[in-house]
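Written below as C-alpha cells is the structure these notes are about.
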DNA sequence: ATGAGAATTGGAATTATTCTTGATTCCGCG
DNA sequence: CGCGGAATCAAGAATAATTCCAATTCTCAT
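Chains as they are written, first to last, in this note's numbering: chain U, 0 to 141; chain Y, 0 to 141.
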C-alpha cells in the first residue's frame, strides 16, 4: 500500500509548478533553503547558502527567484527599516519581532479573532489589502 | 507695549534648542517644512522644498538634520517597503495607511486602550521598544 | 574677540537592488 | 529525435538612496 512512495518524502512541500510558476532547480533550491532554516535570510544570505548545491548560481538569479516566489504568493518579503529585504516562507498572517540584542527575527502570530478595525481608527471606507506589523524589543536573556 | 516683538511670530512652535540639539537655521527650516505640510516627504522632497529659503543647502545636510531631529525624538522616520525613508512630525503613537491609488500616506491613530498584547502572541517576557504598523489599501474614490 | 567643538557642504563612496544582454535551458510538437 | 519559441539564467553594468569624508564655516562660552 505504501510500495510506490519513496522513503524520503523530503520535497513533499515543493511542488513542481505553482499557478504557472515553473519550479526550476534554482527556485526549488532557494525555496528549500527558506523552509529549512526559517530565520528570514537576506537575498545575499540565501545566495551564500545556495552556493554549495548550485555552484554557478548568480546573485541576480537569487533576486529573480525570490521575486518570482513572492509574486506567486509562495513566500513573503519582509522589510525592516531600510535594511536588506528578508524572506519568509510563513504565509499565515503574522508580524515580526526583532530582537535588538541578538538581531534575530521572530514570527509573531495574531491572536485568534484579531481584527484591525478593533484597534485602529481606520479611515472610513478604507479597504485594507495588506498589513505589516513590526516590533522591536528585547527578549529575556536566559 | 508690542514695540519690541516682531510682527510675525512664525516660529512659535520651533524652539531654539531642544534637549541639547542646537536648532540651526537648516534644522529649523526642515522642521518647519515637516509641520507645515504633513504629507510624509522624503529627504529629497524636503530638500527641494527647502531650496527656496536655503539656496545653498546640501542634500547631505538634509539627511544630517533629519537624522538629528529623529535622534532627538522631534520627528519620526517612516519606512515603507524599501522605498525612500519618509519623515513625520506626528509624535503620538500611530500607524500609516498607504493609499494604493494615490500613493498618499495617512496617519492612523490607535483606538484608546489599544494594547499590543491583546492582539499578538508575543514571545513571553518580550519587552517592546517600538511598534510599527503599516497598512496598504484603497480609500473610497469620491 | 577667539578658539574649540559642532554643523554644513559638495563630492566621492557604498550598498542593495534592478537592468541589460546574450547564452542556455525547457517544452510541446512534428 | 530535433526544432523553434518562450522562459530562465548569468554576469556585469547601471541606478538610487544614503552615508562618508575632508575642508570650510558657524556658534557659543570664555
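Heads up, the beta-carbon is just placed ideally off N, CA and C, and yes, glycines get one too. Given the structure is predicted, the values throughout are model-derived calculations rather than measurements.
With 16 other CB atoms within 10 Å as the buried threshold, where does residue 56 of chain U fall? buried
Let me confirm a value: residue 94 of chain U is counted as buried when at least 16 other C-beta atoms fall within 10 Å, else exposed. Which label applies? buried
Sequence-distant residues of the same chain with beta carbon closer than 6 Å to residue 96 of chain U, five excluded per side: 105, 107 and 134
According to a CB-to-CB cut-off of less than 9 Å, which residues of the stretch 118-135 of chain U neighbour chain Y? 118, 119, 120, 121, 122, 123, 124, 125, 126, 127, 128, 129, 130, 131, 132, 133, 134 and 135
To which residues of the same chain is residue 137 of chain U closer than 6 Å at the C-beta, ignoring the five residues directly before and after it? 99 and 100
Starting from residue 46 of chain Y, trace the alpha helix (DSSP H) in both directions and tell me its first and last residue. 42-49
Where the alpha helix (DSSP H) containing residue 38 of chain U begins and where it ends: Run containing residue 38 of chain U: none; DSSP gives neither H nor E here.
Leaving aside the five residues before and after residue 43 of chain Y along the sequence, list all residues of the same chain whose C-beta is less than 6 Å from its C-beta, in chain order. none
Through-space distance from residue 102 of chain U to residue 51 of chain U, alpha-carbon basis: 25 Å
CB of residue 117 of chain U within 9 Å of CB of residue 118 of chain Y, strictly: yes
Check whether the Cβ atoms of residue 109 of chain Y and residue 92 of chain Y lie closer than 9 Å to each other. yes
From the beta carbon of residue 38 of chain U, is the nearest beta carbon of chain Y less than 9 Å away? no
Starting from residue 131 of chain Y, follow the alpha helix (DSSP H) in both directions and report where the run begins and ends. Unbroken run through residue 131 of chain Y is the beta strand (DSSP E), 126-137; no alpha helix (DSSP H).
Within the same chain, show all residues whose beta-carbon is closer than 8 Å to that of residue 62 of chain U, passing over the 5 residues directly before and after it, in chain order. 42
For residue 72 of chain U and residue 126 of chain Y, the rounded distance between their alpha carbons: 32 Å
At the level of alpha carbons, what is the spacing between residue 25 of chain U and residue 53 of chain U? 7 Å
If you measure between the beta carbons of residue 30 of chain U and residue 123 of chain U, is that distance less than 9 Å? no
Where residue 20 of chain U and residue 81 of chain Y are concerned, what is the direct C-alpha to C-alpha distance, given to the nearest angstrom? 25 Å
Any beta carbon of chain Y sitting closer than 9 Å to that of residue 59 of chain U? no
Can residue 49 of chain U and residue 28 of chain U be called in contact, C-beta distance under 9 Å? yes
Partners in chain Y for residue 99 of chain U, counting only beta-carbon separations shorter than 8 Å: 128
What do you get for residue 131 of chain U, buried or exposed, if any count of 16 or more other CB atoms within 10 angstroms of its CB means buried? buried
Please name the residue or residues paired with residue 108 of chain U in a DSSP beta bridge. U/93
Taking the C-alpha atoms as reference points, what is the distance between residue 121 of chain Y and residue 114 of chain Y? 12 Å
Can you tell me which residues form a DSSP beta bridge with residue 61 of chain Y? For residue 61 of chain Y, which the question treats as bridged, DSSP gives no partner whatsoever.
Candidates Y/47, Y/112 and Y/86: closest to residue 34 of chain Y by CA position: Y/86
Same chain, Cβ closer than 7 Å to residue 6 of chain Y, neighbours up to 5 away in sequence not counted: Residue confidence for residue 6 of chain Y is low, a pLDDT of 38 falling below 50, so the modelled location carries little weight; the figure read from the coordinates is stated next. Hits under 7 Å: none found.
For residue 45 of chain Y, which residues from the same chain have a beta carbon less than 8 Å from its beta carbon, with the 5 sequence-adjacent residues on both sides left out? 29, 32, 33, 61, 65 and 86
Mind pulling the chain U residues with CB within less than 8 Å of residue 107 of chain Y? 119, 120, 121 and 122
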